Each structure stands twice: as structure tokens, then as C-alpha cells.
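Position 280 (the sequence shown) corresponds to 280 in UniProt numbering; numbering is contiguous.
Ideal placement from N, C-alpha and C gives every residue a C-beta, glycine not left out.
Predicted model only: the values in this text are computed from it and were never measured.
A short worksheet on the structure shown next.
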Amino acid sequence: MLKKWRLWGSCLLLVALIMGAVVWTQSRPSRVQTTPATTNHVAQSPQHDSATTTLAEKPWTKLKHPLKLPILMYHSISTGNQLRVPLQQFDREMTYLKRHHYRTLTTDEAIRALTTNTVPQKKVVWITLDDAYRDNLKILPILRKNHQHVTINAITGFTTKRNHLSLAAMRRMRDTGRVDFDSHTTNHLDLTTLSAKQQRTELADSKNWLDTKFDQDTRLLCYPAGRNNATTRHLAKKTGYTLALTTREGVAQLSQGRYSLERLRIAPGMSLAAFASVVNVKNN
Ligand SMILES: [Zn+2]
Numbered sequence: 001m002l003k004k005w006r007l008w009g010s011c012l013l014l015v016a017l018i019m020g021a022v023v024w025t026q027s028r029p030s031r032v033q034t035t036p037a038t039t040n041h042v043a044q045s046p047q048h049d050s051a052t053t054t055l056a057e058k059p060w061t062k063l064k065h066p067l068k069l070p071i072l073m074y075h076s077i078s079t080g081n082q083l084r085v086p087l088q089q090f091d092r093e094m095t096y097l098k099r100h101h102y103r104t105l106t107t108d109e110a111i112r113a114l115t116t117n118t119v120p121q122k123k124v125v126w127i128t129l130d131d132a133y134r135d136n137l138k139i140l141p142i143l144r145k146n147h148q149h150v151t152i153n154a155i156t157g158f159t160t161k162r163n164h165l166s167l168a169a170m171r172r173m174r175d176t177g178r179v180d181f182d183s184h185t186t187n188h189l190d191l192t193t194l195s196a197k198q199q200r201t202e203l204a205d206s207k208n209w210l211d212t213k214f215d216q217d218t219r220l221l222c223y224p225a226g227r228n229n230a231t232t233r234h235l236a237k238k239t240g241y242t243l244a245l246t247t248r249e250g251v252a253q254l255s256q257g258r259y260s261l262e263r264l265r266i267a268p269g270m271s272l273a274a275f276a277s278v279v280n281v282k283n284n
């Protein structure tokens, strides 16, 4: 009889432990900015797609050779000039990445990949959109449909301008778990024409704004028009950024310098074959 009760007791204890673990997992915070060492879990709020979580929990592979990361550069998603990519083209390109099993990295994942020379899977790409134009809202259904992720580099002093994303719109995008917002400075000035003090203000104010509004540690800086000098790079590090992006054409590698990473411009009218060859970067 005593043996039977002990068995029942053990079973109840086991059930309680499992339920406790489930409750603990679900009650974790929705957004955790993590250091490279701890990004093996990417925290998700309940509405986030579970696909990202599952993939993120797999161990990352250490590469033999330095990572070559294609960082795609988009701006406005519309038509009219060489900086605007039509929505249909963006859709086609995202569908291509999905069909060919590319993983679209978050900012944290990209930083982790570059700084630790590891990858979560063979094919990786980092999609960035500069300036945070209001038309970027149109890409959300595409990102949702394909379970993809982008990083938008926001000009934090422009969020009340008509053609740019408002803070509310940015939050709406961020809350889907499909978009990160990082810094494209406060006023989009040519940093190389500014004094060190002015540069520091452009870099630090933008970071503080993003840190506060999104409760994050903003670690990515994108130079306006790619313009930077030695002072800019020094200040980027000093004000707390981990990486910075230029507009120089090329596949990103850490050997370029953490604050001088190259990107690949996606031009309007680019054929899908050309796009495919741009993202086709082999790592081992
Ligand atoms: Zn820009």
C-alpha cells in the first residue's frame, strides 16, 4: 500500500515539475537583447512565429574560414528612382530566399555570426533597409508569409515626418518579431563634415532614443550615405555600437573592420538571376 502511495506521489511531483517548467518558459520577457554568448535563444513574444525560436535553439556551427555575410541594402519599397525597389520585386526576392532555404538573420544573430564566426545554418543573409520610409510597412505581409526578418536603420529625428515611419508604426512592426530597428543617426547628416562633438551627438542621441523607445541595447549603426571617417568609427565604438554598416559594395567580412562593413545594393529592375548570384555566398 505504502509503495503505491509513493508511486502516486512521484507521478504528481513529476507533473508539477513539468507544469512549472512550461509556466516559466512562457513567462520569460518578450524581448531580450543578448550578447553573442547568449543568443542561442531569441526571445519571442507570444504573437511571434515559432519557426524562428525552433531554429534559433539549434547549436550554431563554427566555420573554418572567416564568415562571408551578404548584407543586402534596400531603402524605400516603391518606384521612382534608383534607391526605390518596387514591392513586387521585393516580394519575388524574398520568395526566392525562402525557396532556396536562406535564413534571414536578426541584428543580434548577424552580430553573433560575424563576431563569433558561427552560423545557425549554411545559407544566411542579412536584409537591411535604410531610412525607415513609411512604405516599409508594406513588406510586413511578405515577411509574415515567409517567416523572414529584416533590420530597418531608422533616422530617429525623422519619425514625425510624413514619409517616414512613426514611432507607433515602428512599434507595430517591431511587435511582429519580424523587424529590428537600429540606428541611422538622428538627422542623416554627412558625418565626415561634422566636428567630433557633433558626430557624437548624432550617434549617441539616436542610440539613446532607440534604447528608450524599444527597451533594447542598440548595437548597430548605419552611416548616412555610408560616409564615415576615423573619428566616426572611434565614436561608434565609444558610444556603444558593436558594428557599423557602410554603403561600400561587397560581401561583409570581419576583416573589413567592425565599423566598416560592406553591403550589397539591391537595385530596382535587377533580374532574379542577378539577385541569386548576389546572395550566393559560400561559407565553410
Ligand atoms: Zn540613408
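message: Following a CB-centred definition, is H184 positioned closer than 7 Å to any heavy atom of ligand 1?
response: yes
field: Cross-strand partners of W126 (DSSP beta bridge)
entry: I71
Identity of the residues DSSP links to T151 by a beta bridge: T128 and D180
query: Would you say the stretch 84-102 touches the stretch 144-164, given that touching needs at least three Cβ pairs under 8 Å?
result: yes
- prompt: Which whole-angstrom value describes the C-beta separation of S78 and D135, a residue pair presumed to lie in contact below a C-beta threshold of 8 Å?
  reply: 5 Å
DSSP bridge partner residues for K62 (one or two, in chain order): T118
task: Buried or exposed for P224, please, with buried defined as at least 16 other CB atoms from any protein chain shown within 10 angstroms of its CB.
output: buried
query: Mapping DSSP to helix, strand and coil, what is R174?
result: helix
query: Taking Cβ to Cβ, would you say D205 is nearer than 8 Å to T232?
result: Taking 8 Å as the Cβ cut-off, D205 and T232 do not qualify as a contacting pair.
field: N- and C-terminal bounds of the alpha helix (DSSP H) containing R92
entry: Residues L87 to R99.
task: Could you tell me if V23 is buried or exposed, where buried requires 16 or more neighbouring beta carbons within 10 angstroms of its beta carbon?
output: Unreliable positioning characterises V23 in this predicted model, as indicated by a pLDDT of 47, which lies under 50. The coordinate reading is nonetheless provided below. V23 should be labelled exposed.
Distance between D217 and S271 (C-alpha atoms, nearest Å): 37 Å
task: Report whether the distance from the Cβ of P141 to the nearest heavy atom of ligand 1 is below 7 Å.
output: no
task: Could you tell me which uninterrupted beta strand (DSSP E) segments, each at least 3 residues in length, are contained entirely in the stretch 201-252, listed from first to last along the chain?
output: For secondary structure counted as the beta strand (DSSP E) over 3 or more consecutive residues, the stretch 201-252 holds these complete runs in sequence order: 220-222 and 243-249.
task: Report the option in R258, V279, R263 and L264 whose CA atom is closest to the CA atom of T115.
output: The candidate whose alpha carbon is nearest that of T115 is R258.
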